[in-house]
Each structure stands twice: as structure tokens, then as C-alpha cells.
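Trainee: Dumping the structure here so I can ask a few things about it.
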Amino acid sequence: MSSRMIRSFQGLLLLGLSIFFASKAASGQLTWYINARFVPLTIFGMVFLAVLAQAVFTEIRRARQHEQEHDPEHDHHHEHDHAPASGSLWVMLIPLAIGILIPARPLDSSAFSTKGFSTSAPLVSSDSSARIFETESEERNILDWLKLFNFEENVTQFNGQSASVIGFVYFDEALETDQFYVSRFVVSCCAADGFAIAMPVLWGEALTLEQDSWVLVKGSIETVILNESRVPMIVAESVQSVPAPDQPYLFP
Amino acid sequence: MPAGFFSWLWDRLNVFATVFLGIFVEAVPFLLLGTFASGLVEVFLDRDQMSRWVSNRPAAAAVSGAFMGMIFPVCECGVVPLTRRLFKKGLPLSAGISFLLAAPVLNPIVIFSTASAFGWGEMLFWRFAISLGIAVVTGLIFSVENDAGSILRPVLSAHEHDHDHAAPGASFLEKTRKALLITVDEFFDMGRYLILGSMLSAGLQTFIPQSALLAIGSGPILSVLVMLLLAILLSICSTVDSFVALGFVNTFSFGSILSFLVFGPMVDIKSVMMYVQVFKRRAVFYIVAIPFMMSLLTGLIFNYLIR
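The listed protein sequences derive, respectively, from chains A and B.
Under the working numbering, think of the first position of the first sequence as 44, with each following residue one higher.
Under the working numbering, think of the first position of the second sequence as 73, with each following residue one higher.
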């Protein structure tokens with residue numbers, strides 16, 4: 044490949060990546076890959092990639108003008124700038140190809156077999172648990188409930204509190220037929236560190252639900268023993284199908 | 073082939089794509105910042121300034137190199153091209169190696185993120201103290217070599233002359249333009265290793281259950297080894313790894329998590345990919361092995377002696 048072709052290819056790839064980021068940001072799918080906290084950083088990356096593409100295209104134009112003004116034979120060795128070998132450029136097509144060819148899908152129960160799932164959540168700092176304690180019980184999400192159960196000594200105090208959580212359905216062989224898990228992925232940084240958390244739900248019509256479908260579960264909390272630890276179970280009064288939320292993951 | 077197999081494969085492919093793009097999207101802005109810093113260093117910093125700032129005595133150079141991350145806040149993706157550039161500008165070996173290893177931890181962003189995960193306490197203190205120690209010791213070990221040329225792969229030397237001669241007397245705009253083009257070249261140069269590394273990491277995460285790894289590690293020795301392995305495997309950015317480490321607080325001891333936080337920023341799949349591109353094989357071996365042994369030792373000392 045000639046130097047100019049390599050530069051053109053570089054420019055197109057940079058522009059392509061920038062557009063890819065922009066389309067993910069516009070469709071709201073960025074949070075399928077990363078914690079919402081890092082979205083501004085990706086926006087910065089998107090803008091910077093466009094600036095770099097612009098710099099490359101300007102360079103191509105300058106080189107062309109330069110060639111027209113001077114005798115190309117004579118001047119050629121002087122302004123040739125070292126673009127990397129073309130081999131390194133093709134690799135940059137991989138993320139674009141994966142992003143375009145494989146339909147985007149957030150992590151779901153099919154990732155459980157390797158990522159695992161848990162009915163307890165890590166302790167963060169005590170003040171955030173104190174904050175959860177203050178919130179209305181119906182405002183708490185799955186992560187909040189699991190944190191509370193990890194943090195508090197006396198968990199039976201939560202029995203009978205009303206709960207209302209959104210998550211996707213997961214059937215586990217260890218559960219009875221009138222039970223299912225309502226689950227969410229927790230992502231600290233990006234999907235690579237995602238892990239699933241879940242609360243068991245007691246509901247007579249559990250078998251009518253579909254694996255991975257999103258539901259809003261309303262009911263009351265009951266403490267049960269699962270895998271030798273005390274976890275919050277929701278005794279459901281209603282389980283409604285809901286559309287998948289814009290942000291499928293919870294961010295600690 | 074049964075249909076079940078294909079749907080299983082399709083599911084795995086989806087997990088792979090999501091995890092891979094997760095690492096990639098997360099890392100690109102940091103790689104851009106690192107390569108841009110490298111471009112700026114190339115056009116705005118000359119060799120004389122460098123020798124005025126950094127001492128040539130190995131010990132002093134190693135310590136100052138370790139703290140250079142406070143000025144260049146880069147994580148492990150950005151630090152590799154920047155280090156190569158600084159070597160080219162005449163940075164002493166011991167300083168460059170300790171910068172390479174320490175900068176992803178000893179910088180304002182990571183201090184802040186570690187503090188917000190673990191609080192201003194022991195974990196923060198030990199993470200920084202031990203990372204500093206490992207970086208300085210490794211830097212000193214490397215100072216037995218004469219100059220950076222003996223550990224760097226020769227790729228850059230072909231580059232060398234042609235960026236230099238445009239510099240003198242060029243306008244600010246012209247220099248910035250040059251810096252942007254260098255950023256582009258290095259972004260592609262390093263980006264392919266970032267991509268290959270992320271693919272490998274995502275592939276392993278798609279097929280090896282994390283629970284299997286966690287199940288091995290409960291003893292004081294094995295748990296450290298498991299956390300070190302996990303640090304390599306996950307390949308997450310040092311700016312956020314403390315939030316991930318938090319997830320293991322209930323399962324793993326203080327020492328094991330500390331070794332994860334010390335070792336992860338120095339060595340993981342994607343950074344090793346980039347090291348191989350920049351350094352000669354033998355140098356990469358030491359850059360990986362010395363921090364590994366010292367992080368392991370750290371974990372063991374904490375597990376057995378301190379708590």
C-alpha cells in the first residue's frame with residue numbers, strides 16, 4: 044500500500060470508530076457495555092477520534108498539494124511520513140465488524156454459566172448502606188436489598204416490608220416450581236467485570252414466565268435461608284411483564 | 073449438529089461480543105489520551121530538557137520515574153506508548169521502567185478511585201506503597217543494562233530520524249498537527265494489541281467459569297494466586313479496578329485483594345500484548361516476572377503475618 048492509501052484507510056477507520064461510538068451513544072446502548080459513569084469519557088473519545096480523522100484528511104490534502112507544486116520524482120523522499128504497516132490497520136476493523144455483525148445484546152442469563160450469579164452483594168461503605176436504610180422500601184432495587192441484607196445484623200426486621208423491583212427472570216434447578224429468581228447484572232466498569240445478583244421470588248404462576256424476560260415484581264419481603272445464608276425473598280402479589288429498561292445493568 | 077448446540081454457541085458469541093466491546097469501548101479514550109501525551113512529548117519536549125529534569129543516578133531516577141504518573145495521569149493502556157517515547161527522549165532506563173509499572177497506580181485519578189472504593193485507609197496506603205516499591209526495585213534491576221536500546225525492539229529507531237527533522241522553528245500549529253499525526257500512528261500501532269488482548273480476555277471469560285477459579289482459591293497461598301490470575305484475565309483498567317476488587321471483599325482476604333490491586337495495573341493480557349510490541353522478549357519476561365513474584369510475596373506476607 045502506498046503511504047497515501049494507508050493514510051486514507053487510517054482516516055476512514057478513525058471516522059468509522061467515531062461514528063460507531065456516536066451511534067451507540069445515540070441509541071442509548073453504551074450502557075450495555077460500560078458503566079454510565081464512563082459515558083462522558085466515551086463521548087470525549089468519539090470527538091477526539093473525529094479530530095484525528097480530520098487531521099489525517101488534512102495531511103492527505105497537503106501531501107497532494109505538495110506533490111502538485113513540486114516535482115514528485117525529486118521531492119518524494121523528503122515529506123514521506125511514516126504511517127504504520129497496513130497490517131495493523133486491518134485489526135482495527137475487528138471491533139467495528141463485531142459491533143455491526145453481531146446484534147447488540149446486554150448480558151443476560153446465558154452469561155451466568157461463566158460469570159456466575161450471587162444472592163448476596165458486596166459491602167461497600169457503610170454510609171451508602173445507611174442511605175439505603177433511609178429510602179422507602181419500594182424504592183429499593185435488587186442491589187439495595189442485597190446490600191441491606193449483607194450489612195444489617197438483624198435482617199428479620201425487613202420481613203413484611205413491601206418491595207417492588209425490576210429484573211429479568213432466571214429459573215434455577217435448585218428452586219421449587221413456584222419460585223424463580225429476579226436478577227440484574229451489576230457493572231462497576233465495563234461488561235467484563237459484570238456479575239449477576241438475584242433475589243428469589245415466590246409466585247404460584249412462576250412457570251408461565253419466560254427465561255430472561257423482564258418483569259416488575261411487587262410483593263413483601265421474607266427472610267429465607269439459601270446456600271447457608273439469609274437472603275431476602277419476595278412473596279409476590281403481582282408479576283408484570285415490562286419492557287427491558289434503558290440501562291439493563293445496576294451501577295454500584 | 074443438534075439445534076441446542078447452535079443456540080448455545082450463539083449465546084456464547086453474544087457474551088463474547090458484549091464483553092469484548094465493553095473492554096474496548098472503555099479502553100479507547102484512555103489509549104487516545106496516552107498516545108496523545110506521547111505525541112505532545114515528541115514535539116514539545118527535547119532531550120536537553122529531559123536530562124535537566126531527570127537524574128542519571130539509577131536510584132534517584134527510579135524514584136522520580138515512579139512519581140512521574142502524578143504529572144502524566146495515564147493508565148496501563150496509555151503508559152506503554154508514552155514510556156517508549158520518553159525512552160526515545162533519553163529518559164534513563166530505571167526511570168522509564170519504574171514509570172511504566174507505577175504510573176497506572178500512582179496518579180491522581182487512581183488515588184481518587186481507590187479512595188472512593190476503599191476509603192482513605194490501609195488499602196489505599198498499602199496499594200500505593202507497595203506499587204511504588206515494586207516499580208522502584210524493578211527499575212533498579214533494569215539499570216544494569218546500559219541504555220534503553222538494549223531492551224527496546226528496534227521498530228522505533230527507523231521512525232526516529234524523520235519526526236525529528238521537521239521540528240526546529242516550526243509553528244505551534246504545525247507542531248500540534250505533527251503531534252496529532254503521531255497520535256494516529258501510535259493509536260493504530262498500540263490499538264491492535266489492545267484489540268487482540270481484549271479478544272483473548274473476552275474469550276477466556278466466555279468459556280472459563282469464574283466460579284471455577286474462585287472455587288480453587290480459599291487457602292492463604294492459593295487465594296493470592298487466584299487473584300493474580302484474575303488480574304491478568306480480567307484486563308480491566310487501573311482507574312476502575314478498585315471497584316471491581318470491592319466485589320471480592322467478602323470472599324477474599326485483605327492480602328489477596330491487595331496483591332490484585334498491585335499486580336493488575338502492571339500486568340494483564342492487553343498490557344503484555346503491548347509490552348511485546350515495544351520491548352524485547354527477555355525484557356518483557358522480567359517486566360512480568362519481577363512484579364509477579366513481588367506481588368505474590370506481598371499477598372503471602374499479609375495473609376500469614378499481618379492478618
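Ideal Cβ placement from N, Cα and C applies to all residues, glycine included.
Report the three-state DSSP secondary structure of TRP257(A) (helix, strand or coil).
Mentor: Three-state result, TRP257(A): strand.
Trainee: Since GLY263(B) is in the alpha helix (DSSP H), which residue starts that stretch and which ends it?
Mentor: Start and end: 244–279.
Trainee: At a CB distance below 7 Å, what residues from the stretch 147–158 of chain A approach chain B? Give them in sequence order.
Mentor: So the close ones are ARG148, PRO149, LEU150, SER153, ALA154, SER156, THR157, LYS158.
Trainee: The beta strand (DSSP E) with GLN283(A) in it runs from where to where?
Mentor: Taken as a continuous stretch (DSSP letters only), the beta strand (DSSP E) holding GLN283(A) covers 272–284.
Trainee: Hey, does PRO286(A) have any beta-carbon neighbour from chain B nearer than 8 Å?
Mentor: No, because no Cβ of chain B sits closer than 8 Å to the Cβ of PRO286(A).
Trainee: When you compare the CB of ASP289(A) with every CB in chain B, is at least one pair closer than 8 Å?
Mentor: It does not: the Cβ of ASP289(A) has no partner Cβ on chain B nearer than 8 Å.
Trainee: Run through chain B and tell me which residues come within less than 7 Å of LEU102(A), C-beta to C-beta.
Mentor: Residue identity differs from the one stated: residue 102(A) is Glu in this sequence, not Leu. Simply LEU253.
Trainee: Can PHE214(B) and LEU178(B) be called in contact, C-beta distance under 8 Å?
Mentor: No.
Trainee: Could you please give the first and the last residue of the uninterrupted alpha helix (DSSP H) stretch that includes GLY141(B)?
Mentor: Here GLY141(B) belongs to no alpha helix (DSSP H), and DSSP marks it neither H nor E.
Trainee: Listed from N- to C-terminal order along the chain, which residues in the stretch 80–98 of chain A have their beta-carbon within a distance smaller than 8 Å of any beta-carbon of chain B?
Mentor: Against chain B - using a Cβ distance shorter than 8 Å - the residues of the stretch 80–98 of chain A are PHE81, LEU84, THR85, PHE87, GLY88, PHE91, LEU92, VAL94, LEU95, ALA98.
Trainee: Taking 6 Å as the limit between beta carbons, can you name the residues of its chain near GLN72(A), skipping five residues before and five after?
Mentor: Same-chain partners within the cutoff: ALA147.
Trainee: Is the stretch 132–151 of chain B close to the stretch 169–183 of chain B, with three or more CB pairs under 8 Å?
Mentor: Touching, yes, given that three or more Cβ pairs across the two stretches are closer than 8 Å.
Trainee: Look at the alpha carbon of ALA242(B) and the alpha carbon of LEU117(B), and state the distance between them as a whole number of angstroms.
Mentor: Using only the alpha carbons, I get a separation of about 13 Å.
Trainee: When burial is assigned at 16 or more other CB atoms within 10 Å of the CB, is ILE308(B) buried or exposed?
Mentor: That one is buried.
Trainee: Output the distance between the C-alpha atoms of PHE184(B) and SER328(B), rounded to the nearest integer angstrom.
Mentor: Their Cα atoms are separated by approximately 21 Å.
Trainee: Identify, in the order they occur along the chain, each residue of the same chain with its Cβ nearer than 7 Å to the Cβ of SER170(B), setting aside the five sequence neighbours on each side.
Mentor: Taken in chain order, the residues that qualify are ALA134, GLY137, ALA138, ALA207, VAL208, THR210, GLY211.
Trainee: Under 8 Å by Cβ, that's how I've got THR74(A) and TYR292(A) pegged, so tell me the actual separation to the nearest angstrom.
Mentor: The pair is a contact, with the Cβ atoms about 7 Å apart (cut-off 8 Å).
Trainee: Could you check whether MET262(B) and LEU154(B) sit closer than 8 Å to each other, using their CB atoms as the reference points?
Mentor: No.
Trainee: What residues of chain A sit near PHE116(B), judged by a beta carbon separation below 7 Å?
Mentor: Within 7 Å Cβ-Cβ: nothing; PHE116(B) doesn't reach chain A, min ~16 Å.
Trainee: Between the stretch 357–374 of chain B and the stretch 287–296 of chain B, do at least 3 Cβ pairs fall closer than 8 Å?
Mentor: Yes, they touch.
Trainee: What are the start and end residues of the alpha helix (DSSP H) that includes VAL316(B)?
Mentor: 313–318 is the span of the alpha helix (DSSP H), which, as asked, contains VAL316(B).
Trainee: Compute the distance between the beta-carbons of VAL134(A) and LEU268(B), then report whether it is under 8 Å.
Mentor: Cβ distance < 8 Å, so VAL134(A) and LEU268(B) count as in contact.
Trainee: Mind pulling the chain A residues with CB within less than 9 Å of CYS147(B)?
Mentor: Within chain A, no residue comes near CYS147(B); the closest Cβ sits about 11 Å away, beyond 9 Å.
Trainee: Output needed for PHE88(B): all residues of its chain with C-beta closer than 7 Å, excluding positions within five of it in sequence on either side, in chain order.
Mentor: ALA274, GLY275, THR278.
Trainee: Less than 8 Å between CB atoms is the rule here; does MET135(A) satisfy it with respect to chain B?
Mentor: With 8 Å as the cut-off, MET135(A) counts as an interface residue toward chain B.
Trainee: Hey, how far is the Cα of GLY59(A) from the Cα of PHE211(A)?
Mentor: If I take the Cα positions, the gap works out to 34 Å.
Trainee: Which residues bound the beta strand (DSSP E) around PHE211(A)?
Mentor: From DSSP, the beta strand (DSSP E) with PHE211(A) extends over 205–213.
Trainee: Along chain B, which residues have their Cβ under 8 Å away from the Cβ of SER231(A)?
Mentor: Within chain B, the residues near SER231(A) are VAL312, PHE315, VAL316, LEU318, GLY319.
Trainee: Any beta carbon of chain B sitting closer than 8 Å to that of TRP257(A)?
Mentor: Not closer than 8 Å to any Cβ of chain B, the Cβ of TRP257(A) fails to qualify, so no.
Trainee: Does any residue of chain A bring its CB to less than 8 Å from the CB of GLY263(B)?
Mentor: Taking Cβ atoms only, chain A reaches closer than 8 Å to GLY263(B), which makes this a yes.
Trainee: Can you tell me the Cα-Cα spacing of SER272(A) and LEU252(B), whole angstroms?
Mentor: Computed Cα separation, rounded: 56 Å.
Trainee: Hey, quick one: how far does the beta strand (DSSP E) through VAL244(A) stretch, first residue to last?
Mentor: First-last of the beta strand (DSSP E) with VAL244(A): 238–245.
Trainee: Spell out a yes or no on whether the stretch 94–110 of chain B and the stretch 227–234 of chain A are touching, meaning 3 or more CB-CB pairs, one atom from each, closer than 8 Å.
Mentor: Flag = yes, the stretch 94–110 of chain B and the stretch 227–234 of chain A touch.
Trainee: Compare the beta carbon distance of ILE240(A) and ILE185(A) with 8 Å and say whether it is the shorter of the two.
Mentor: Contact: yes.
Trainee: Which term fits ARG156(B), buried or exposed, when burial requires 16 or more other beta carbons within 10 angstroms of its beta carbon?
Mentor: Answer is buried; the Cβ neighbour count reaches 16.
Trainee: Applying the 10 Å Cβ sphere with the 16-neighbour rule, what's the burial state of TYR376(B)?
Mentor: The residue in question, TYR376(B), is exposed, as its Cβ has fewer than 16 Cβ neighbours within 10 Å.
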